[in-house]
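Residue numbers (full-length UniProt numbering), protein chains in the order written: chain A, 1 to 436; chain B, 1 to 419. These notes concern the structure reproduced below.
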Amino acid sequence: MLPAECSRRLVAELRDALDSCAERQRQLEQSLRVSRRLLRVWEPAETPAPEPTPGSEINKEGPSSACPPSPQDLKELELLTQALEKAVRVRKGLSKAGEGVKARSLKSGSASTATKASAPPSTSRCTGSRAPETKPPRGVHHPWVPAKDLPGRRLLLVGDGAHMGQGAGANKPEAGLRDQQIVPQAASQVPEAFTLKDKGALLRLPEAFRKAASRNASLWAQLSSMQTRDSVDAAAATAKTQFLQKMQTAAGLPSSMLSAAEVGRLQKACSMLRLRMREELTADPKDWTQEYRSLLTLEGLQALAGQCLHRLQELQELRSAVVEQPQGPWPEGPPRAALPCGGGADPAWSPQLLLYSSTQELQTLAALRLRVAMLDQQVHLEKVLMAELLPLLSEQEPLGRPWLALCRAAHCLLCEGGQRFLTVLQDEPADRLSPP
Amino acid sequence: MGRRRLRRPDPADAARALPEAIAALSRTLPAAPSPETFRRAKFDHPEAAPALWRLLFRVLSPLPADGASASLALEAQARWVKSALRSQGYPRRALVQLPDDGSQGGRELLLALAWLLARGPLPERLLTQSHVRLGDEIPVCECEALASPGLSAPSVEAEGFVDIRHLQWLMGKLRLQWRNLMASQQEQCALLGKIHSYTRGCHSDRSLGHLSVTETELLRDPEGGRQLLRRLEMENARLEAALEWRHRELIFWQWMDTVLDACSPEASPVTFLPRIPEPGPGAVRLLARELQTLQEELREAAEARRAAWQAVVGGHGPEWRAARRALQTAVAQDLAALQRAWEQDEGRARPHGPRRLVRTDAKVPGGPGLWAAEATEALRAREACLEAALRQLQGQCRQELARLAGARPGLIWVPPPAR
């Protein structure tokens with residue numbers, strides 16, 4: 001058994017590691033759910049399909065459709081109906097011949113008229129003047145999503161009493177086609193579900209979204225250029241520095257209170273020095289200049305490490321001189337580990353891309369990233385275990401079996417990553433042989 | 001492009017400038033109180049304090065605001081804020097002396113907020129944290145994953161003594177979890193690859209070419225798409241406010257000067273110490289040990305190389321003396337840069353941060369982008385470093401344990417069969 005304090009710390013560390021792993025798994029599973037769903041047949045959305053009755057359909061359109069449809073709208077809806085009928089006919093004809101690129105472009109041809117016509121009624125405004133604006137010069141549209149306008153997905157056919165149940169059927173072509181009132185003959189014979197594989201290339205992002213996204217990118221770019229220009233805006237920078245200085249000089253805290261930040265910096269220093277050392281040691285000097293440079297670097301790193309150690313020892317002395325009251329369980333403050341990279345969230349200035357060309361490449365990269373994370377965690381755990389277990393073993397009197405068992409277990413944990421055990425044989429001297 | 005408001009505060013607008021600056025600040029910070037609260041805080045009105053405690057909590061916690069952390073009581077939040085500010089080196093003692101119930105101290109809290117604002121690009125950093133991610137992202141390095149402190153409630157382990165076998169069991173569990181994680185990750189990459197290739201040609205942005213999962217999802221689920229759009233628009237509003245803040249902030253700093261002057265000067269050092277936790281002594285010990293080990297390793301390596309160097313140095317001609325000086329300067333600069341990286345708050349050794357995945361067949365990048373092959377190379381190097389480090393530590397343990405066991409006669413250690 002391990003002593004209480006030691007146990008508590010070690011279990012806490014391991015649980016931390018398990019928790020962070022579990023968190024990654026949770027996030028990954030969430031992404032997996034979403035991705036799997038996208039690759040299956042797209043189900044209709046949850047909004048209930050309205051019953052095909054004229055009155056209720058108008059009401060369900062929402063407060064925005066308080067005005068009755070104009071003659072313009074009716075005309076365009078008529079066009080829409082015709083276009084869809086044509087689409088069904090075309091598809092029926094082509095589905096016998098098999099799908100091809102031609103089919104797609106034909107569909108898209110009819111679809112674009114359909115979507116153009118559908119745009120006005122599906123917006124929340126009743127005027128037809130929106131039509132030119134929403135007629136984009138794009139060729140291909142997803143036929144059954146009025147792709148420009150997220151809020152308005154309903155289509156109204158008023159006047160002849162027939163209309164399409166849009167809502168739920170938006171993403172499913174057959175829903176629109178099945179509506180008996182428009183295309184009585186062909187609809188039920190064209191069961192086609194939407195899959196990303198077949199029709200993914202037809203998708204288009206909605207207009208509102210694209211606008212917002214591009215505004216977002218432009219704002220970030222402006223903000224980032226302001227940041228780099230900050231040195232030009234000297235007045236504000238000076239004011240800030242002066243303010244900080246004033247705060248500092250008005251302070252009355254003893255220096256030991258500030259040591260926490262410094263400890264963090266020293267942790268960072270340790271990581272970076274170590275990383276640099278590894279790089280130097282694994283590099284292969286090709287000629288004497290490189291050799292000499294490597295030598296100088298190592299000596300310089302040694303000096304820096306010495307400086308950091310010295311500073312840490314100073315801080316330790318300061319802290320031990322300060323008497324602290326015991327505290328209860330406390331939420332942890334800022335992060336524990338020092339990170340080789342800058343740490344903290346660096347502002348996302350420009351959109352950074354990672355380009356890959358095959359799934360294999362992506363998988364290799366992702367696997368490697370996880371492996372690095374795992375190794376990092378293992379190294380940290382190794383250090384923690386060493387710090388706790390080795391002193392324990394050397395302090396304890398080797399009093400027979402318990403100590404041996406501990407030693408063997410510690411060896412397993414520390415030297416074999418918890419995976420394999422060694423065997424310990426006790427070689428009793430001959431004159432003390434005694435049966436167990 | 002949007003309309004840029006480049007109106008600088010001129011004397012005629014002086015009366016309006018400060019409220020507008022504070023209003024911009026209030027609009028850009030997450031969960032910020034109204035501008036009126038800021039002004040009340042200057043005069044230490046009691047109702048300003050709780051709002052500012054909450055703001056500081058939100059601003060300082062590295063995790064995005066979620067139910068768990070937001071539901072912490074005001075008292076707990078106040079304590080956490082004090083601890084976080086202390087560990088960042090906040091100089092004023094008066095803050096630490098404020099009562100934990102969060103009822104007082106509006107002015108001190110305002111000063112603390114200003115201090116944070118002065119030290120770095122705080123609004124921008126917060127916006128980055130809550131940035132709406134539209135692409136499928138993959139972090140190239142691991143620092144963000146590691147920097148997640150346990151803001152969760154402290155789980156005091158009820159068990160005191162623990163058998164070492166429990167630790168072994170936990171390690172085994174951890175190993176299994178990693179294996180599962182890797183398998184899931186491979187599947188996710190395969191799915192991403194498919195989605196990216198199926199939606200090729202759909203994106204209006206040519207440099208991207210295809211849709212991401214987020215974008216495809218918003219087409220599949222319009223309701224979710226609407227929510228995403230709302231979040232995007234909210235972020236745009238905050239970005240605009242941040243730009244406005246940057247234009248107007250000078251007047252804010254002039255005002256903060258008056259606030260600081262309004263405070264009574266801090267008295268001489270206190271005789272008692274407030275109950276704020278420091279980084280655990282364990283962490284410091286561990287660090288000291290690490291630094292010692294590191295220094296030892298460096299010394300050994302450097303001495304060996306120096307000896308090897310001395311052996312051959314005679315063979316070099318006079319031209320190497322000049323080269324030597326150049327090398328010394330170069331190395332000194334190198335190391336100084338390294339030192340700066342950890343001394344400053346925002347040091348960065350290499351570019352990192354999550355990147356948007358883009359599947360492309362092109363051989364040359366259309367715009368700025370990192371190739372997966374390069375990123376893989378960098379990761380392999382890091383992997384090698386870490387493996388070497390782990391092996392070295394394990395070797396150290398082996399030696400140490402052998403030494404301890406050797407002290408006991410009559411023991412035979414049979415190591416497990418080599419891999």
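Quick reminder that beta carbons are idealized off the backbone N, C-alpha and C, glycines included. It should be emphasised that the depicted structure is a prediction, and the values quoted were computed from it without experimental measurement.
Alpha-carbon spacing of residue i relative to residue j, whole angstroms
i	j	result
residue 321/B	residue 272/A	30 Å
residue 442/A	residue 34/A	Lying outside 1 to 436, the shown extent of chain A, residue 442/A is not represented and no answer is given.
residue 419/A	residue 31/A	32 Å
residue 29/A	residue 38/A	14 Å
residue 25/A	residue 182/B	9 Å
residue 211/A	residue 374/A	41 Å
residue 403/A	residue 277/A	37 Å
residue 20/B	residue 233/B	21 Å
residue 259/B	residue 250/A	13 Å
residue 408/B	residue 413/A	21 Å
residue 235/B	residue 216/A	8 Å
residue 401/B	residue 390/A	8 Å
residue 17/A	residue 168/B	14 Å
residue 87/A	residue 201/A	19 Å
residue 422/A	residue 412/B	10 Å
residue 362/B	residue 166/B	52 Å
residue 6/A	residue 19/A	20 Å
residue 74/B	residue 246/B	31 Å
residue 241/B	residue 340/B	33 Å
residue 37/B	residue 108/B	13 Å
residue 376/A	residue 289/B	18 Å
residue 279/A	residue 396/A	39 Å
residue 405/B	residue 304/B	30 Å
residue 39/B	residue 119/B	22 Å
residue 82/B	residue 250/B	27 Å
residue 4/A	residue 401/A	20 Å
residue 434/B	residue 254/B	Here chain B covers residues 1 to 419 and nothing more, so residue 434/B does not appear.
Under 8 Å from the C-beta of residue i: neighbouring residues of chain D
i	result
residue 415/B	Reference to chain D is not applicable here, since the protein chains of this structure are A and B.
8 Å contact criterion, which residue i and residue j should meet: CB distance rounded
i	j	result
residue 295/B	residue 305/A	4 Å
residue 383/B	residue 372/A	5 Å
residue 161/B	residue 2/A	7 Å
residue 124/B	residue 244/A	At roughly 18 Å, the Cβ-Cβ gap does not stay under 8 Å, so residue 124/B and residue 244/A are not in contact.
residue 134/B	residue 356/A	About 18 Å; that fails the 8 Å criterion.
residue 372/B	residue 354/A	6 Å
residue 390/B	residue 382/A	6 Å
residue 198/B	residue 205/A	Going by Cβ atoms, the distance from residue 198/B to residue 205/A rounds to 15 Å, so no, they are not a contact pair.
residue 220/A	residue 229/B	Not really, about 17 Å apart at Cβ, beyond 8 Å.
Bounding residues of the alpha helix (DSSP H) (the contiguous stretch that carries residue i)
i	result
residue 178/B	164-198
residue 343/B	319-343
residue 121/B	No alpha helix (DSSP H) contains residue 121/B, which DSSP labels as neither H nor E.
residue 92/B	No alpha helix (DSSP H) contains residue 92/B, which DSSP labels as neither H nor E.
residue 393/A	359-395
residue 414/A	401-415
residue 239/B	222-262
residue 32/B	Careful: residue 32/B lies outside any alpha helix (DSSP H) and carries neither H nor E.
residue 199/A	196-199
Extent of the continuous beta strand (DSSP E) run through residue i
i	result
residue 426/A	423-426
residue 413/B	411-414
residue 75/B	Premise fails: residue 75/B lies in the alpha helix (DSSP H), 74-88, not in any beta strand (DSSP E).
residue 59/B	Note, residue 59/B: premise wrong, no beta strand (DSSP E); alpha helix (DSSP H) at 48-60.
residue 98/B	Residue 98/B -> no beta strand (DSSP E), and no H or E assigned at all.
residue 472/A	Since the first residue of chain A shown is 1 and the last is 436, residue 472/A is not available in this structure.
residue 359/B	354-359
residue 139/B	137-139
residue 354/A	353-356
Give the list of continuous alpha helix (DSSP H) stretches no shorter than 4 residues that lie fully inside the stretch 262-322 of chain A. 288-320
Okay, do the stretch 85-103 of chain B and the stretch 24-39 of chain B touch, 3+ Cβ pairs below 8 Å being the bar? no
Do the stretch 187-201 of chain B and the stretch 349-366 of chain A meet, that is, are 3 or more Cβ pairs less than 8 Å apart? yes
When you compare the stretch 221-229 of chain B with the stretch 202-210 of chain B, are there three or more beta-carbon pairs, one atom per stretch, that lie closer than 8 Å? no
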